[in-house]
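Participant:
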Ligand SMILES: Cc1ncc(C[n+]2csc(CCOP(=O)(O)OP(=O)(O)O)c2C)c(N)n1
């Protein structure tokens, strides 16, 4: 790592001779492959932008110039080259570097992210602030072609393009979202790249760049005039962006550092909104004999030489797999069942359904709001859509859930993966908020299964129910091997399950919190404390019959949920209990009101006491308090 060892920040990249830039990129690529082989992480996107990152740091002056990356999952080379190389092996480790970019980590991380489609809006905000304050620097948004399936990216382009402000957008086009990219824009970008005209233009770009270096020596005015003429010739391929108010440059080869630095130097001397289209290869240089583009995206630890995954731990299947298999099996029984996903076919497990029922499967792109309203439209015509979207990303679809689905009581089923503590993706991906936001939606049934069999039973219940319905489950393995869908009966609508009868207090556990709640009760029983445990699988509606029995027989109820405690299930239950049994206390255990750092999920749960020991400790203390009062 001869050159990389001398790089402590962007200034060190800028002082390198041009012929040192590609060797530096090669070292950065190897560094990524080596470190991520130990830590796991989003390797594919980072490998694709190594040269782009070097070129950006060479042509622009971060942190004076502001580079805003979309998502931030491609930010590993950026971290390595902006002073975080020594700490890079701490990536995604507790207390170490985050897997995305964040303001608190470095002055070079202008805008934190994790969700897609925010870069243009954020960069335009920065550019507007610069102008309001009369300052002078470049603002650059870097986004992938996947981000061009996000409505928000167009809202930003529409606003920025019209404003005429100085802003540069770099479109990093690798043809991939996580899965192969989808949609008309994807086809449009593909047609730009494929057209013979574009190939002529590409040659022209080279010509202009070469000419610019010559003219730069002779005077800027002359240069600008000639440049303007030549640049006009390059405009046609990106007509659509031009119509939006951007000057389009490209497409250019995104692994050619020389061409990129020359193009960036040239484009930054111009004014107004400009868009540079670079073509890159996701996962470039990753050592796998068989390219498997989707699997490059995020990877568990692997062998750095062969790229093969290190052996995974055995045990019951992941919730994602149980759901994917179940919805596919149910698809055979229900021809009207379709699946909608927002760019996450394998992440949500529905790639199994996609293979079996391609005509009943819809990947709509990174467009969660659209996914939900599209599903609502399907539901108006008797189709039964299942929306498979991560808890954190469904936040984007909230208005559609209320306005399009719930008010019209349409039978859309929401299956929220990655609900609860999310593990090493960290704060931007936390699935802690869905219980709170879903409980507030009128007409919506809110549920959480405690194991794979119950997930299937709840899906059956959802399909039999004429109205919106949601299920949530975490990024984890299920507690037990699930049965086949044909072997499972629907869960009776609106019912809880009594897991253990006691008398001192009752624990109402949500979904995966049932197992630690039962363990806690068993531990407490050995101390003489007799605790009831209820599987509160319907968070809404509440099982009023069982609730009335519980408040008759217990002095306090403890709710346990893998979600934010603010406005969670405990708060919802307390609102009812205070009207039917004002003397009964409700104590809510969940994630306190703060953000959570990346760490393994068990560690995150332990931190907030959502373990058997944590629950037992709280119940023991509450019981002692109660005993002291009475
Ligand atoms: C709102 C939202 N939905 C889904 C995701 C999951 N996700 C992370 S990266 C990604 C693909 C992004 O594709 P692109 O912008 O082309 O970047 P690339 O990975 O190709 O570099 C997706 C779907 C997300 N981050 N945010």
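Numbering (my numbering), first residue to last: 84 to 713.
Yeah, the Cβ is synthetic: ideal placement off N, Cα and C, and Gly gets one too.
Note that this is a predicted model, so its numbers are computed, not measured.
1. Could you check the C-alpha separation between residue 668 and residue 569 for me, to the nearest Å?
2. Any idea what DSSP makes of residue 540, helix, strand or coil?
3. Considering only heavy atoms of ligand 1, does any lie closer than 7 Å to the CB of residue 365?
4. Run through the region 326-396 for me and flag every whole alpha helix (DSSP H) of 4 or more residues, listed as ranges in chain order.
5. On the three-pair Cβ rule with 8 Å, is the region 396-410 touching the region 563-577?
6. Measure the CB-CB distance between residue 151 and residue 243 and report whether it falls below 8 Å.
7. Return helix, strand or coil for residue 152, following the three-state DSSP convention.
8. Over the uninterrupted beta strand (DSSP E) stretch that includes residue 256, give me the two end residues.
9. One question on the structure: do residue 620 and residue 675 come within less than 8 Å of each other, judged by their Cβ atoms?
10. Would you kindly report the start and end of the unbroken alpha helix (DSSP H) that includes residue 646?
11. Given a threshold of 16 other Cβ atoms within 10 Å of its Cβ, counted over all protein chains shown, does residue 215 qualify as buried or as exposed?
12. Alpha carbons only, please: which of 707, 210, 664 is nearest the one belonging to residue 247?
13. Could you name the residues of the same chain whose beta carbon sits closer than 8 Å to that of residue 260, not counting the 5 residues immediately before and after it, in chain order?
14. Please check the pair residue 501 and residue 473, which I expect to be a contact at CB under 8 Å, by giving their CB distance rounded to whole angstroms.
15. Drop a sphere of 10 angstroms on the beta-carbon of residue 712, count the other beta-carbons inside from all chains shown, and report buried for 16 or more, exposed for fewer.
16. Report the residue from 85, 98, 102, 515 whose alpha carbon sits nearest the alpha carbon of residue 110.
17. Since residue 114 and residue 87 are thought to touch, with beta carbons under 8 Å apart, how far apart are those beta carbons, to the nearest angstrom?
18. What do you reckon, is the C-beta of residue 513 under 7 Å from a heavy atom of ligand 1?
19. Please report the distance separating the alpha-carbon of residue 179 from that of residue 710.
20. Which whole-angstrom value describes the C-beta separation of residue 376 and residue 383, a residue pair presumed to lie in contact below a C-beta threshold of 8 Å?
21. Once the 5 residues before and after residue 344 are set aside, which same chain residues still bring their CB inside 7 Å of it?
22. Closest to residue 581 by CA distance: which of 572, 573, 571, 593 is it?
23. Counting along the chain, where does the alpha helix (DSSP H) carrying residue 468 start and finish?
24. Is it true that the CB of residue 617 sits closer than 8 Å to the CB of residue 585?
25. Keeping to the same chain, check which residues put their C-beta closer than 7 Å to that of residue 112; ignore five residues upstream and five downstream.
26. Helix, strand or coil for residue 593 per DSSP?
27. Using a threshold of 8 Å, state whether the C-beta atoms of residue 548 and residue 624 are closer than that.
28. Where does residue 219 land, buried or exposed, given buried means 16+ other C-beta within 10 angstroms?
29. Thinking just about the alpha-carbon of each residue, which of 539, 154, 267, 355 is nearest to the one in residue 240?
30. Tell me the rounded alpha-carbon separation between residue 631 and residue 663.
31. Considering just the uninterrupted stretch of the alpha helix (DSSP H) at residue 236, what are its terminal residues?
32. Confirm, please, whether the CB-CB distance from residue 136 to residue 164 is below 8 Å.
33. Is residue 230 near ligand 2, going by C-beta to nearest heavy atom under 7 Å?
34. Does the beta-carbon of residue 268, which I'm using as the reference point, lie nearer than 7 Å to any heavy atom of ligand 1?
35. Quick check on residue 304: buried or exposed, where buried means 16 or more other Cβ atoms within 10 Å of its Cβ?
36. Which whole-angstrom value describes the C-beta separation of residue 65 and residue 553, a residue pair presumed to lie in contact below a C-beta threshold of 8 Å?
Facilitator: Taking the structure as given:
1. For the purposes of this step, residue 668 is taken as the residue at position 585 of the chain shown. For the purposes of this step, residue 569 is taken as the residue at position 486 of the chain shown. Between residue 668 and residue 569, the C-alpha separation is close to 41 Å.
2. Position 457 of the chain shown holds residue 540. It is helical.
3. Position 282 of the chain shown holds residue 365. Checking the Cβ of residue 365 against ligand 1 gives yes.
4. 340-351, 376-379
5. yes
6. Locating residue 151 in the chain shown gives position 68, counting from the first residue. Locating residue 243 in the chain shown gives position 160, counting from the first residue. Result no, Cβ atoms of residue 151 and residue 243 do not sit closer than 8 Å.
7. Against the chain shown, residue 152 aligns to sequence position 69. Reduced to three states, the DSSP call for residue 152 is strand.
8. By one-based count along the chain shown, residue 256 stands at place 173. Element bounds for residue 256: 250-256.
9. For this step, residue 620 is matched to residue 537 along the chain shown. For this step, residue 675 is matched to residue 592 along the chain shown. Cβ distance not < 8 Å, so residue 620 and residue 675 don't count as in contact.
10. Here residue 646 refers to the residue found at position 563 of the chain shown. From DSSP, residue 646 is part of no alpha helix (DSSP H) but of the beta strand (DSSP E) over 639-647.
11. As a working note, residue 215 is residue 132 in the chain shown. Exposed, since its Cβ has fewer than 16 Cβ neighbours within 10 Å.
12. Within the chain shown, residue 247 is the residue found at index 164, counting from 1. Among 707, 210, 664, the Cα nearest to that of residue 247 belongs to 210.
13. Your numbering for residue 260 matches position 177 in the chain shown. 227, 228, 229, 232, 426, 448, 449, listed in sequence order.
14. Translated into the one-based positions of the chain shown, residue 501 becomes position 418. Translated into the one-based positions of the chain shown, residue 473 becomes position 390. Contact holds; Cβ gap of about 4 Å.
15. If you number the chain shown from 1, residue 712 lands on position 629. Exposed, by the Cβ-count rule.
16. Numbered from 1 along the chain shown, position 27 holds the residue referred to as residue 110. Residue 110 has its Cα closest to that of 85, out of 85, 98, 102, 515.
17. Counting from one through the chain shown, the residue named residue 114 turns up at place 31. Counting from one through the chain shown, the residue named residue 87 turns up at place 4. Confirmed, Cβ separation roughly 6 Å.
18. Residue numbering aside, residue 513 sits at position 430 when the chain shown is read from its first letter. No; taking the cut-off as 7 Å, the Cβ of residue 513 has no heavy atom of ligand 1 nearer than that.
19. As a working note, residue 179 is residue 96 in the chain shown. As a working note, residue 710 is residue 627 in the chain shown. Whole-angstrom Cα-Cα distance: 44 Å.
20. Numbered from its first residue, the chain shown carries residue 376 at position 293. Numbered from its first residue, the chain shown carries residue 383 at position 300. That pair is no contact at about 17 Å.
21. Numbered from its first residue, the chain shown carries residue 344 at position 261. Once the five neighbours on either side are set aside, the close Cβ partners of residue 344 are 138, 141, 142.
22. Counted from its first residue, the chain shown places residue 581 at position 498. The candidate whose alpha carbon is nearest that of residue 581 is 593.
23. Within the chain shown, numbered from 1, the residue matching residue 468 stands at position 385. Here residue 468 belongs to no alpha helix (DSSP H); instead the beta strand (DSSP E) covers 467-473.
24. Numbered from 1 along the chain shown, position 502 holds the residue referred to as residue 585. Numbered from 1 along the chain shown, position 534 holds the residue referred to as residue 617. Against a cut-off of 8 Å, the Cβ pair of residue 617 and residue 585 comes out as no contact.
25. The count along the chain shown starts at 1 and reaches residue 112 at position 29. Same-chain partners within the cutoff: 130, 133, 368.
26. As a position in the chain shown, residue 593 is number 510, starting the count at 1. Three-state DSSP puts residue 593 in coil, outside helix and strand.
27. Residue mapping note: residue 548 aligns to position 465 of the chain shown, counting from 1. Residue mapping note: residue 624 aligns to position 541 of the chain shown, counting from 1. Not a contact, by the Cβ cut-off of 8 Å.
28. The residue labelled residue 219 in the question sits at position 136 within the chain shown. The residue in question, residue 219, is exposed, as its Cβ has fewer than 16 Cβ neighbours within 10 Å.
29. Locating residue 240 in the chain shown gives position 157, where the first residue counts as 1. Closest option to residue 240, Cα to Cα, is 355.
30. Locating residue 631 in the chain shown gives position 548, counting from the first residue. Locating residue 663 in the chain shown gives position 580, counting from the first residue. Between residue 631 and residue 663, the C-alpha separation is close to 8 Å.
31. For the purposes of this step, residue 236 is taken as residue 153 along the chain shown, with counting starting at 1. First-last of the alpha helix (DSSP H) with residue 236: 234-246.
32. Counting from 1 along the chain shown, the entry for residue 164 is found at position 81. Counting from 1 along the chain shown, the entry for residue 136 is found at position 53. A contact, by the Cβ cut-off of 8 Å.
33. Absent from the structure shown: ligand 2. Ligands present: ligand 1.
34. Position 185 of the chain shown, counted from the start, is the residue given in the question as residue 268. No; taking the cut-off as 7 Å, the Cβ of residue 268 has no heavy atom of ligand 1 nearer than that.
35. As a first step, residue 304 is located in the chain shown; it is residue number 221 there, counting from the start. Only weak support is given to the placement of residue 304: the predicted model assigns it a pLDDT of 48, under 50, and the question is left unresolved by the model.
36. Outside the displayed range of the chain (84 to 713) lies residue 65, so it cannot be described from this structure.
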